[in-house]
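Encoded as structure tokens, the structure appears first; notes follow it.
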Amino acid sequence: MASGRGFVSGLRDFLAAPVRLWYMHQKLVLLNPIARSMENIHQHHLERTRRLQIRNKIMNPYSGGSTQSPPEQVTAFTSADSTGLFQPLVRMWFINVGLILLLAILSYLFSSLRTKVPVESWTLTSSALDVASKLISSFLHICLPLFMELVNMLYLKKICDRIALLKEKPSKEVHHPSSSSTEQSSSSLGATIMDRLYALIFFALFELQWDLISMLSSNYRISNLINIFAVAFMYSCYAIEYRWRQVSGRTFDGFLLHIVEHWTYFVGYGFLLGVGCFYLPHFIGWGGMLLAITYPILVIGALGSNPRTRSSFELPVWIEDRVSSLFRIPLALSLKPALFLTNLIVRSSVSVVYRLWF
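Positions in the sequence shown are counted from 1; adding 1035 to them yields our numbering.
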């Protein structure tokens, strides 16, 4: 699943994600079978209209003849199917930026209420309010990708379906949907949402435990390094896990084994986003805007990446191999608390819903 080996390959795939996105968009626009067939129909209709106009002028030269225009439905349908990947991507950007602006408005209202109302009227002290604001900020830091993932789920599904067109054979380009395929797609969408919720809860808890470790660290340099790598690891896991689910038969346990085996690639893939979130820590502001724009590119770049095997001429990165093998066991052990808490939350939620429903 990982492209190449290690940190450098992950960083290279992230930098190549915009170019890969543009390439897939151009290929979809050119090879979209529906748009191509509708364009041919549109051209034939224009030629037929011209022939009818010429024949009417010859048969009845004293009348202006009836001019026929091509139906607007053909043009609208062609433009809707030839947009490639940019239309759902732009909609995702607008939704994410709108979510950040909504959180900014709520934060402004909370801060204005805090300044207008005197502290003595609050049940909490000023230091307790500072701690509460930090906890809310960290909560938004963790749950913001969850909200973005939920609102972007349908658009990611559309993008994934359009990318799947590039992998189909020419003989299978024309596809007629049936009722069984529609039911299967709706059921698979529900299963995808449940799987994504489970993964998002798990990685949010995993990143939270590393935040606690960085807070308990006495050295601020080690704490900053842990924060950068934890954020980079979390966002890359979010992005690559969506592609992992596209192959039938793969499970979340297998994805965890894949993470432990190629964890340096995951850190490299989300490294620049982790650095950006470190220097722009306020997610209700420029940090949130950075995440809103780069996170969809991160997911789509993971969908379009092509796995490459190790080259025999590749230089041996023995330092990275040593570091990878050294931290592989601690990483595997650190996954267990988050996995236990995720299973506990899911079981408790299912039991509560079952009691309320039945």
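Built from N, CA and C at the ideal position, the CB exists for glycine as well. Quick caveat, the model's predicted, so the values are computed rather than measured.
Query	Result
For residue 1251 and residue 1191, the rounded distance between their alpha carbons	37 angstroms
Burial state of residue 1268 (16 or more Cβ within 10 Å)	buried
Three-state secondary structure (DSSP) of residue 1286	coil
Simplified DSSP assignment, three categories, for residue 1234	helix
Where residue 1252 sits in the DSSP three-state scheme	coil
Coil, strand or helix - residue 1080 by DSSP	helix
Enclosing alpha helix (DSSP H) for residue 1309 [first to last residue]	1306 to 1314
Where residue 1371 falls, given that 16 or more other Cβ within 10 Å makes a residue buried	exposed
Presumed contact (8 angstroms Cβ cut-off) between residue 1234 and residue 1287, rounded CB distance	6 angstroms
Supposed contact pair residue 1335 and residue 1056 - C-beta distance, whole angstroms, cut 8 angstroms	6 angstroms
Stretch-stretch touch, CB-based, cutoff 8 angstroms, three pairs: the region 1044 to 1059 with the region 1296 to 1303	yes
Same chain, Cβ closer than 6 angstroms to residue 1266, neighbours up to 5 away in sequence not counted	1309 and 1312
Unbroken alpha helix (DSSP H) run spanning residue 1050, endpoints	1041 to 1050
Under 8 angstroms between C-beta atoms of residue 1298 and residue 1359	yes
Contact under 8 angstroms by Cβ, residue 1376 with residue 1260	no
Neighbourhood of residue 1373 by C-beta distance below 7 angstroms, restricted to the same chain and skipping five residues each side	1237, 1240, 1241 and 1244
Cβ-based burial, residue 1053 [other Cβ within 10 Å; buried from 16]	exposed
Straight-line Cα distance separating residue 1122 from residue 1193	10 angstroms
6 angstroms Cβ shell around residue 1279 - same chain, five flanking residues per side excluded	1285 and 1290
Reduced DSSP secondary structure (H/G/I, E/B, other) of residue 1126	helix
Straight-line Cα distance separating residue 1295 from residue 1043	17 angstroms
Residue 1211 to residue 1392 span [Cα, whole Å]	For residue 1211, the predicted model reports a pLDDT of 45, less than 50, meaning its position is unreliable and no value from the coordinates is stated.
Option in 1059, 1390, 1293 and 1381 with minimal Cα separation from residue 1367	1293
Beta-carbon proximity list for residue 1328, same chain, < 7 angstroms, skipping 5 on both sides	1128
8 angstroms Cβ cutoff met for residue 1125 and residue 1324	no
Exposure of residue 1263, with buried meaning 16 or more beta-carbon neighbours within 10 Å	buried
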